[in-house]
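Some notes on the structure that comes next.
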DNA sequence: CGATTCCTTGAGGCATCTCAAGGCAAGTGG
DNA sequence: CCACTTGCCTTGAGATGCCTCAAGGAATCG
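Residue numbers (the working numbering), protein chains in the order written: chain A, 437 to 710; chain B, 437 to 710.
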């Protein structure tokens with residue numbers, strides 16, 4: 437279990453309770469174990485959400501955001517280790533992360549797993565389900581999390597009367613394609629150090645975009661999950677962390693990472709094998 | 437050069453001239469070297485296209501297809517080795533392959549290339565450009581090819597009055613995401629034999645969907661391009677082809693491939709390392 | 001017909017994997 | 001409160017799959 441880690445200078449989850457401007461979660465639901473089956477009756481308004489500049493409404497004008505408000509997205513809590521949706525499950529919603537971190541995983545018939553992404557606050561999940569009408573991957577919470585469930589049918593109705601909204605959705609899907617391109621680049625033509633450097637720099641940027649420190653953060657995922665995502669074994673991930681530490685690029689203590697030499701790390705990422 | 441290869445039982449390019457039902461390419465243009473800079477004045481109607489069940493109009497009803505017809509997509513020839521668009525180029529069109537084969541490539545600053553996909557007749561290219569308004573990859577013709585240039589602005593105008601069309605476009609983008617998921621699976625957790633087997637089975641299915649033999653086909657891409665796509669070196673691709681041949685799964689003669697034992701190949705694809 | 005490109009194959013090297021042992025922190029139960 | 005378990009991480013040593021380098025063959029082209 438990786439809950440409630442102490443002394444964390446930049447933990448999204450810790451800040452959520454005080455930052456979330458939309459309603460207050462009733463005590464009764466907060467600790468309910470069965471809260472992941474039925475969407476919570478709590479509703480969320482995009483217009484007052486602290487994530488509106490990162491999430492779906494990003495770039496939309498007032499009238500479009502108000503249209504989104506009319507959908508009153510249901511909020512839902514997902515406990516650490518639990519699935520928001522499973523591979524093969526019927527596609528009805530896309531999900532926006534409100535707090536916490538998720539991993540998206542594919543499973544091969546023989547049980548081999550591939551982590552295809554990590555999602556943080558403000559990021560969308562489930563867009564892969566549109567293709568076949570069922571989710572192509574599973575989404576698992578890496579810590580206690582909260583999401584907005586966005587009914588895709590309603591969203592696309594709304595998009596049909598608002599070209600701007602439609603454009604935002606299309607751009608988000610395109611961004612997902614581009615993101616996967618760069619991961620393919622990584623998996624196809626980088627060595628272990630480049631992969632881990634690229635990963636850490638990416639996390640760093642995303643933390644920064646969320647108002648947290650870009651140089652010091654807590655990883656929510658295990659070495660094995662990082663390894664799966666980066667196409668390497670957990671031991672190699674661990675060794676590469678140690679190597680970076682010896683090169684004075686990082687200070688690592690379990691899941692706590694401090695980037696000591698950003699330029700050096702960037703250089704490791706571009707370490708062309710000349 | 438890999439043009440006009442002899443004795444090819446299933447070559448899309450060879451058949452295009454007789455199959456293409458839409459207009460006839462005037463002699464003058466057919467051999468013009470400068471035809472890839474300016475969209476050809478030739479226009480294409482989806483409703484009469486022999487690819488309509490594979491391509492954009494797939495699943496649409498008559499009225500929506502007629503709306504697509506009204507856009508009169510420009511046709512354009514691209515010669516082998518030439519780029520349909522470059523990385524970083526302004527995004528204005530998405531492209532549908534009419535005939536020929538393309539590769540999509542990303543280039544790293546140090547010159548390393550990653551092939552992110554191969555596109556055949558009826559498949560769309562360029563959807564990754566939407567995210568940032570410029571193409572995130574380049575598209576290079578692997579043989580003389582013909583495409584439809586679909587102006588994205590017009591298409592999305594059309595989509596705003598036709599929910600079905602919008603849904604088709606969204607589904608195609610989602611399909612691209614799913615496709616990249618499985619490539620990540622491949623790059624992240626498969627060995628050389630599994631990768632090549634997966635690749636060949638995928639090509640086989642796509643050939644079949646286009647009315648060609650699923651068991652015998654011509655590869656339009658080089659060993660180096662296959663290697664880049666699959667995250668391995670060209671020598672390893674070559675050796676793996678040889679290994680499959682020795683295992684009596686394939687018969688390989690340069691770019692001509694005959695699948696002898698489909699089940700065996702499928703099994704190699706699922707070769708769990710027990 | 002030489003130049004070029006692409007493919008195949010061999011031999012040796014190396015990055016990463018595999019297997020194994022041990023440490024640390026947190027949780028559990030007596 | 002302590003012994004024990006469990007999960008995760010680190011590190012070492014040896015194995016190996018793929019890469020690198022190199023040579024040679026076959027087809028194509030000007």
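Note that CB positions come from ideal geometry on N, CA and C, so glycine has one too.
Nearest candidate by alpha-carbon position, reference residue i, set the options
{"i": "residue 643 of chain B", "options": "B:655, B:577, B:618", "result": "B:655"}
{"i": "residue 522 of chain B", "options": "B:561, B:704, B:613", "result": "B:561"}
{"i": "residue 517 of chain A", "options": "A:538, A:634, A:556", "result": "A:538"}
{"i": "residue 491 of chain B", "options": "B:651, B:645, B:680, B:653", "result": "B:645"}
{"i": "residue 507 of chain B", "options": "B:526, B:694, B:482, B:665", "result": "B:482"}
{"i": "residue 652 of chain A", "options": "A:497, A:526, A:600, A:637", "result": "A:637"}
{"i": "residue 666 of chain B", "options": "A:621, A:587, A:634", "result": "A:621"}
{"i": "residue 553 of chain B", "options": "B:635, B:568, B:587, B:586", "result": "B:635"}
{"i": "residue 640 of chain A", "options": "A:695, A:480, A:599, A:502", "result": "A:695"}
{"i": "residue 486 of chain B", "options": "B:497, B:558, B:513, B:519", "result": "B:558"}
{"i": "residue 504 of chain B", "options": "B:571, B:584, B:572, B:569", "result": "B:584"}
{"i": "residue 588 of chain A", "options": "A:572, A:480, A:509, A:649", "result": "A:509"}
{"i": "residue 478 of chain A", "options": "A:513, A:489, A:520, A:497", "result": "A:513"}
{"i": "residue 571 of chain B", "options": "B:668, B:525, B:480, B:632", "result": "B:525"}
{"i": "residue 568 of chain A", "options": "B:633, B:569, B:496, B:603", "result": "B:603"}
{"i": "residue 493 of chain A", "options": "A:600, A:679, A:633", "result": "A:600"}
{"i": "residue 556 of chain B", "options": "B:566, B:647, B:626, B:497", "result": "B:647"}
{"i": "residue 668 of chain A", "options": "A:679, A:692, A:693, A:632", "result": "A:632"}
{"i": "residue 586 of chain A", "options": "A:627, A:612, A:520, A:626", "result": "A:520"}
{"i": "residue 628 of chain B", "options": "B:612, B:680, B:613", "result": "B:680"}
Burial state of residue i (16 or more Cβ within 10 Å)
{"i": "residue 511 of chain A", "result": "buried"}
{"i": "residue 500 of chain B", "result": "buried"}
{"i": "residue 684 of chain A", "result": "exposed"}
{"i": "residue 469 of chain B", "result": "Here residue 469 of chain B scores only 39 on pLDDT, less than 50, and its place in the model is too uncertain to base an answer on."}
{"i": "residue 564 of chain A", "result": "buried"}
{"i": "residue 536 of chain A", "result": "buried"}
{"i": "residue 687 of chain B", "result": "exposed"}
{"i": "residue 705 of chain A", "result": "buried"}
{"i": "residue 690 of chain A", "result": "exposed"}
{"i": "residue 630 of chain B", "result": "buried"}
{"i": "residue 502 of chain B", "result": "exposed"}
{"i": "residue 484 of chain A", "result": "exposed"}
{"i": "residue 671 of chain A", "result": "exposed"}
{"i": "residue 649 of chain B", "result": "exposed"}
{"i": "residue 663 of chain B", "result": "buried"}
{"i": "residue 682 of chain A", "result": "exposed"}
{"i": "residue 624 of chain B", "result": "buried"}
{"i": "residue 480 of chain B", "result": "buried"}
Counterpart residues of residue i in DSSP-defined beta bridges
{"i": "residue 584 of chain B", "result": "B:511, B:532"}
{"i": "residue 538 of chain B", "result": "B:555, B:577"}
{"i": "residue 488 of chain B", "result": "For residue 488 of chain B, which the question treats as bridged, DSSP gives no partner whatsoever."}
{"i": "residue 738 of chain A", "result": "For residue 738 of chain A there is no data in the structure shown, the boundaries of chain A being 437 and 710."}
{"i": "residue 653 of chain B", "result": "B:693"}
{"i": "residue 560 of chain B", "result": "B:532"}
{"i": "residue 686 of chain A", "result": "A:695"}
{"i": "residue 644 of chain B", "result": "Per DSSP, none; premise fails for residue 644 of chain B."}
{"i": "residue 549 of chain B", "result": "B:543"}
{"i": "residue 480 of chain B", "result": "B:509"}
{"i": "residue 519 of chain B", "result": "B:576"}
{"i": "residue 570 of chain B", "result": "B:526"}
Stretch pair the stretch 607-616 of chain B + the stretch 528-544 of chain A: three plus CB contacts closer than 8 Å: no
For the stretch 538-550 of chain A and the stretch 617-625 of chain B, state whether three or more C-beta atom pairs, one from each stretch, are separated by less than 8 Å. yes
Cβ pair count under 8 Å reaching 3, the stretch 645-659 of chain A against the stretch 692-700 of chain B: no
Three Cβ pairs or more, each shorter than 8 Å: is that satisfied between the stretch 546-554 of chain B and the stretch 591-599 of chain A? no
Pair every Cβ in the stretch 567-580 of chain A with every Cβ in the stretch 573-589 of chain B, then say whether three or more of these pairs are closer than 8 Å. no
Residues of the stretch 559-587 of chain A with Cβ closer than 8 Å to any Cβ of chain B, in chain order: 563, 564, 565, 566, 567, 568, 572, 573
The stretch 601-619 of chain B: positions lying closer than 9 Å to chain A by Cβ: 602, 603, 605, 606, 607, 608, 609, 610, 611, 612, 613, 614, 615, 616, 617, 618, 619
Quick check: the stretch 584-592 of chain A against the stretch 670-685 of chain A, are at least 3 beta-carbon pairs closer than 8 Å? no
Between the stretch 673-688 of chain B and chain A, which residues of the former have CB atoms less than 9 Å from a CB of the latter, in chain order? none
Can you pull out the residues from the stretch 532-551 of chain A whose beta carbon lies closer than 9 Å to at least one beta carbon of chain B? 540, 542, 544, 545, 546, 547, 548, 549, 550, 551
Any residues in the stretch 621-646 of chain B with a beta carbon nearer than 7 Å to a beta carbon of chain A? Which ones, in chain order? 621, 623, 624, 625
Along the stretch 492-516 of chain A, what residues have a CB closer than 8 Å to any CB found in chain B? none
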